[in-house]
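There are 2 protein chains.
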Amino acid sequence: MEELISYLLQFGNLNQEQIAMIQSKAKLKTIPKGAYFSQAGKIADKIGYITEGVFRVCYYDKAGEGYTRYFVYENRFVADINSFRDEVPSAEYIEAVTDCKLLVFSKEGFEDLSNTITGWSDIFLKITSYVMENKMKASSNMLVQDAHTRYLHFLEHYPGLANRVPLSMLASYLGITASSLSRIRKK
Amino acid sequence: MEELISYLLQFGNLNQEQIAMIQSKAKLKTIPKGAYFSQAGKIADKIGYITEGVFRVCYYDKAGEGYTRYFVYENRFVADINSFRDEVPSAEYIEAVTDCKLLVFSKEGFEDLSNTITGWSDIFLKITSYVMENKMKASSNMLVQDAHTRYLHFLEHYPGLANRVPLSMLASYLGITASSLSRIRKK
DNA sequence: GCTATCAATTGCCAAATGACAAAAAAGCAA
DNA sequence: TTGCTTTTTTGTCATTTGGCAATTGATAGC
Chain G
1 MEELISYLLQ FGNLNQEQIA MIQSKAKLKT IPKGAYFSQA GKIADKIGYI
51 TEGVFRVCYY DKAGEGYTRY FVYENRFVAD INSFRDEVPS AEYIEAVTDC
101 KLLVFSKEGF EDLSNTITGW SDIFLKITSY VMENKMKASS NMLVQDAHTR
151 YLHFLEHYPG LANRVPLSML ASYLGITASS LSRIRKK
Chain Z
1001 MEELISYLLQ FGNLNQEQIA MIQSKAKLKT IPKGAYFSQA GKIADKIGYI
1051 TEGVFRVCYY DKAGEGYTRY FVYENRFVAD INSFRDEVPS AEYIEAVTDC
1101 KLLVFSKEGF EDLSNTITGW SDIFLKITSY VMENKMKASS NMLVQDAHTR
1151 YLHFLEHYPG LANRVPLSML ASYLGITASS LSRIRKK
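Residue numbers (the working numbering), protein chains in the order written: chain G, 1 to 187; chain Z, 1001 to 1187.
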């Protein structure tokens, strides 16, 4: 819980009263490996701050093949923010890659915070645009690198994460086949 | 100017008074082909709504090679939103690919609007997260497609744009070499 | 019209990656 | 442990893409 607060404080100021208010709205939730935090076609009605575990945001093509858009892990928010905000169906799945624990804000709880805490929306605007810009740059950068460079960059940028996710999921994040990644890994 | 207003109205409500306020803060600006709207290392102090022309958001590697992250054209906002909001140096260039005209909001003008118009920040939060999510998904999708598919998808998704930008810039957007794109184009 | 310049096309070959299949390894439950 | 399932590794081969260089094409200035 302290980590959530210090994460939020990076993006704006909060007094003790506001912090207590935030803590009162956060509920601890456990999600087992393989289960979904939110699903395509459903409206995302909650936003989570991960305290333990790894999620992946992914989608499936008509052949049932799954593609990982990105991973999210400890001390970051995970949500389909557009679905959550506008109450429109989500286009993607958020799947627990490992057993996970998160602090969850319901739609109602989140709106209470928006109405009570001055600057709460601004904090989320900052977090949203900062995070999304980084994700976008990451994908865009990968596009002009070869597979080996992308893998090395991943190892460097997300130390330890490669050992926590299945090779096949990492491969689809990197935009290569599992076989190619296996060969690259052999170096 | 009407197009700017109707674009904004897609993301939130505005009354006549607010619309007049917005219009009073927008200044028409012309940027010749090849010039920059904002530059890496400088703080982006304005945000533009394009009425005519095409920009590209790009960066350069140490060898001076330029890479196009994405294109922005008529009836869309163009800005380095993180640099603009937090007044930190931009990491990228926004370059006019053709002669361009835009409606420009200065930092001061934009803040006046934030302070005067209830919901102005929300409108921009929506626009920002909607646009960035789409950019992110576009790059992420391209990563798992081959070059030919990416090109066809570009043609379909941005009809006419391929004829307005140099082949080399389009190639770097697609993550391939100019030679490869030339060959693909021959079909 | 001539020339300089830059962008685009094309040819050639090598390297990277994918497709498919089989084998090996790892995980998991009884 | 044993057997079953899933994931990962490995082999072979076809395809895609890049690198490089030469050629062609377009444009602008003289």
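Even glycine gets a Cβ: it sits at the ideal position worked out from N, Cα and C.
Give a yes or no on whether 7 Å exceeds the smallest Cβ distance from residue i to chain Z.
i: Y67/G; result: yes
i: V54/G; result: no
i: M199/G; result: Past the boundaries of the shown model lies residue 199/G; chain G is included only from 1 to 187, so the question cannot be answered.
i: M169/G; result: no
i: S180/G; result: no
i: V88/G; result: no
i: G175/G; result: yes
i: K135/G; result: yes
i: N82/G; result: yes
i: T30/G; result: no
i: T149/G; result: no
i: T98/G; result: no
Please report the straight-line C-alpha distance between residue i and residue j, rounded to a whole angstrom.
i: E133/G; j: K1186/Z; result: 34 Å
i: D146/G; j: T1068/Z; result: 17 Å
i: P1108/Z; j: E65/G; result: According to the sequence shown, residue 1108/Z is Glu rather than Pro. Cα to Cα, E1108/Z sits roughly 49 Å from E65/G.
i: V144/G; j: N115/G; result: 44 Å
i: Y1060/Z; j: T1149/Z; result: 26 Å
i: F1105/Z; j: V1054/Z; result: 18 Å
i: A162/G; j: L170/G; result: 7 Å
i: A178/G; j: F154/G; result: 15 Å
i: A1063/Z; j: D45/G; result: 47 Å
i: T128/G; j: S1129/Z; result: 7 Å
i: E92/G; j: L1004/Z; result: 31 Å
i: I1094/Z; j: C1058/Z; result: 6 Å
i: S1180/Z; j: E1156/Z; result: 19 Å
i: M1142/Z; j: Y1049/Z; result: 27 Å
i: F124/G; j: Y7/G; result: 11 Å
i: M1021/Z; j: V1131/Z; result: 24 Å
i: R1056/Z; j: E52/G; result: 39 Å
i: Y85/G; j: Q1010/Z; result: Note that residue 85/G is Arg in the sequence shown here, rather than Tyr. Taking the straight line from one Cα to the other gives about 15 Å.
i: A96/G; j: Y73/G; result: 10 Å
i: S1172/Z; j: N82/G; result: 29 Å
i: F77/G; j: G1175/Z; result: 30 Å
i: L14/G; j: S1182/Z; result: 55 Å
Since residue i contacts residue j with CB under 8 Å, what's their CB separation in whole angstroms?
i: I1117/Z; j: Q1039/Z; result: The Cβ separation is near 30 Å, so there is no contact.
i: F71/G; j: V165/G; result: 6 Å
i: Y184/G; j: Y151/G; result: It is worth fixing the name first, because residue 184/G is Ile in this sequence and not Tyr. Indeed they touch by this definition, with Cβ atoms about 5 Å apart.
i: M1001/Z; j: Q1023/Z; result: 6 Å
To which residues does DSSP link residue i through a beta bridge?
i: E1111/Z; result: Paired residues: none, contrary to the question.
i: Y7/G; result: Looking at the DSSP assignment, Y7/G forms no beta bridge with any residue, so it has no partner.
i: K27/G; result: V104/G
i: E1052/Z; result: K1101/Z
i: A171/G; result: None, per the DSSP bridge assignment.
i: K46/G; result: S106/G
i: G66/G; result: Y60/G
i: I1094/Z; result: S1038/Z and V1057/Z
i: F154/G; result: DSSP, once it has assigned bridges, lists no residue as partnering F154/G.
Do residue j and residue i come within 7 Å of each other at the CB atom, strictly closer than that value?
i: L1113/Z; j: K1029/Z; result: no
i: A1079/Z; j: I1047/Z; result: yes
i: S139/G; j: S1139/Z; result: yes
i: I43/G; j: E87/G; result: yes
i: P32/G; j: D122/G; result: no
i: K135/G; j: M1136/Z; result: yes
i: G119/G; j: G12/G; result: yes
i: P1089/Z; j: G1041/Z; result: yes
Say whether chain G places a C-beta atom closer than 7 Å to the C-beta of residue i.
i: V1131/Z; result: no
i: I1019/Z; result: no
i: S1139/Z; result: yes
i: I1117/Z; result: no
i: V1144/Z; result: yes
i: L1102/Z; result: no
i: L1155/Z; result: no
i: L1125/Z; result: yes
i: T1051/Z; result: no
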